[in-house]
Amino acid sequence: MTDCHSHLLPGVDDGVRTAEESLRILEEMERQGIRKLWLTPHIMEDIPNTTDALKTRFRTLCESYRGNIRLELAAEYMLDNLFVRRLEADDILPLHEEKRYLLVETSYFNPPMRLLSMLKHIQEKGYHPLLAHPERYEYMQMADYKALQQAGVAFQLNIPSLAGMYGKHVQRKAEALQEAGMYTLRGNDTHSLIFFQNLLNEKIRK
């Protein structure tokens, strides 16, 4: 299994804080059958991680990891003004899974003013927009999802959504999107060891 969304790069965002915790999660992920993991730290105006700094942290983690999961580095970009500047400067960490995706997100409650034009500009720059956890956006309904897919936007499922970890409403939306075959890639969006352990417990109960 390939997990396309995680926050295991230690000390760079709201995810894992220490390398020790990252290594413990990776050990558990390997036991659960994950063979490839994309580390996708946040980049946004409130968390302005630089590409060079993330690459340095990534190399350090890889040097200390002795397991068999293939680790890759990308980023989860908030569609904000910082993202626009980074995209224009070609200062981007894409996610390569057959296509060159850019993993992007918005506020859960309101879309950015220029959502469609920003997504189109991603394509003009030679990337494929991959919307993280679309089921979690309160302002989106099925008609919105269909319009985005018709515009060339791919969707990444958060597996915890199917386990009800973000509430029943999100779970129902995830189930509907999955039944409609609208997800391209999947990820756990793991932020901590406790989070991943809770996900395993939810999956066992279900």
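Residue numbers are given in full-length UniProt numbering: position 153 of the sequence shown equals residue 153, and the series is strictly consecutive.
Ideal placement from N, C-alpha and C gives every residue a C-beta, glycine not left out.
Practice prompt. Could you name the residues that DSSP lists as bridge partners for V12?
Written response: Numbered from its first residue, the sequence shown carries residue 12 at position 12. Beta bridge pairing from DSSP links V12 with no other residue.
Worksheet item: Would you report the Cα separation of residue 222 and E98, rounded to the nearest angstrom?
Response: Nothing about residue 222 can be read from this structure; the chain reaches only from 1 to 206.
Practice prompt. Please determine, among K36, I25, Y65, the residue with the shortest C-alpha to C-alpha distance to A74.
Written response: As a first step, residue 74 is located in the sequence shown; it is residue number 74 there, counting from the start. Among K36, I25, Y65, the Cα nearest to that of A74 belongs to K36.
Fill in: Complete runs of the beta strand (DSSP E) confined to the stretch 52 to 84 [at least 3 residues]
Counting only runs of 3 or more, we get 70 to 73, 76 to 78.
Item to complete: Run through the stretch 119 to 197 for me and flag every whole beta strand (DSSP E) of 3 or more residues, listed as ranges in chain order.
Response: Taking only runs of at least 3 residues, the beta strand (DSSP E) segments lying wholly in the stretch 119 to 197 are 128 to 132, 154 to 158, 185 to 187.
Worksheet item: Between the beta-carbon of L87 and the beta-carbon of V104, is there less than 7 Å?
Response: Walking along the sequence shown from the start, residue 87 turns up at place 87. Walking along the sequence shown from the start, residue 104 turns up at place 104. Going by C-beta atoms, L87 is not nearer than 7 Å to V104.
Practice prompt. Look up R100 in the DSSP assignment and give the residues it is bridged to.
Written response: Here residue 100 corresponds to residue number 100 of the sequence shown, with the count starting at 1. In DSSP, R100 forms a bridge with H96.
Worksheet entry | Buried versus exposed, by CB contacts within 10 Å (16 or more), D52 | By 1-based counting over the sequence shown, the position of residue 52 is 52. Residue environment: D52 is assigned as exposed (fewer than 16 neighbouring CB atoms within 10 Å of its CB, all protein chains considered).
Worksheet item: What is the DSSP secondary structure of M44, counted as helix, strand or coil?
Response: As a working note, residue 44 is residue 44 in the sequence shown. M44: strand per DSSP, three-state reduction.
Practice prompt. Following the continuous alpha helix (DSSP H) through R24, name the residue where it begins and the one where it ends.
Written response: As a first step, residue 24 is located in the sequence shown; it is residue number 24 there, counting from the start. For R24, the uninterrupted alpha helix (DSSP H) segment begins and ends at 19 to 31.
Practice prompt. Specify the secondary structure class of S6 as computed by DSSP and reduced to three states.
Written response: For the purposes of this step, residue 6 is identified with residue 6 of the sequence shown, where counting begins at 1. In the structure shown, S6 sits in a strand (DSSP, three-state: E or B).
Practice prompt. Determine which residues share a DSSP beta bridge with L39 and list them.
Written response: Translated into the one-based positions of the sequence shown, residue 39 becomes position 39. Per DSSP, the beta-bridge partners of L39 are L73.
Discussion item. Tell me the rounded alpha-carbon separation between E179 and D46.
Written reply: As a first step, residue 179 is located in the sequence shown; it is residue number 179 there, counting from the start. As a first step, residue 46 is located in the sequence shown; it is residue number 46 there, counting from the start. A direct Cα-to-Cα measurement between E179 and D46 gives close to 35 Å.
Worksheet item: Under the rule that 16 or more other beta-carbon atoms within 10 Å means buried, what is R205, buried or exposed?
Response: Here residue 205 corresponds to residue number 205 of the sequence shown, with the count starting at 1. Because R205 carries a pLDDT of 47, less than 50, the predicted location of this residue cannot be relied on, and the following value inherits that uncertainty. Counting Cβ neighbours within 10 Å, R205 comes out exposed, since fewer than 16 surround it.
Item to complete: Rounded to whole angstroms, what's the CA-CA distance from P160 to V12? Just pull it up for me.
Response: Counting from one through the sequence shown, the residue named residue 160 turns up at place 160. Counting from one through the sequence shown, the residue named residue 12 turns up at place 12. Each residue's Cα considered, the two are about 22 Å apart.
Worksheet item: What do you reckon, are the CB atoms on I25 and F196 nearer than 7 Å?
Response: Along the sequence shown, read from residue 1 onward, the residue named residue 25 stands at position 25. Along the sequence shown, read from residue 1 onward, the residue named residue 196 stands at position 196. It is a contact, given that the beta carbons lie within the stated cut-off.
Item to complete: Round the Cβ separation of L9 and R57 to the nearest angstrom and send it over; I've been treating them as touching at under 8 Å.
Response: By 1-based counting over the sequence shown, the position of residue 9 is 9. By 1-based counting over the sequence shown, the position of residue 57 is 57. Taking C-beta atoms under 8 Å as the contact rule, L9 and R57 qualify, at a distance of about 5 Å.
Worksheet item: Apart from the five residues just before and just after E202, which ones in its own chain have a Cβ nearer than 8 Å to its Cβ?
Response: By one-based count along the sequence shown, residue 202 stands at place 202. Cβ within range, chain order: P160, A163, G164, M165.
Worksheet item: To the nearest angstrom, how far is it from the Cα of Y145 to the Cα of P134?
Response: The residue labelled residue 145 in the question sits at position 145 within the sequence shown. The residue labelled residue 134 in the question sits at position 134 within the sequence shown. About 8 Å.
Item to complete: Please classify H5: is it buried, with 16 or more other beta-carbons within 10 angstroms of its beta-carbon, or exposed?
Response: Position 5 of the sequence shown, counting from 1, holds the residue named residue 5. By the 10 Å Cβ count, H5 comes out buried.
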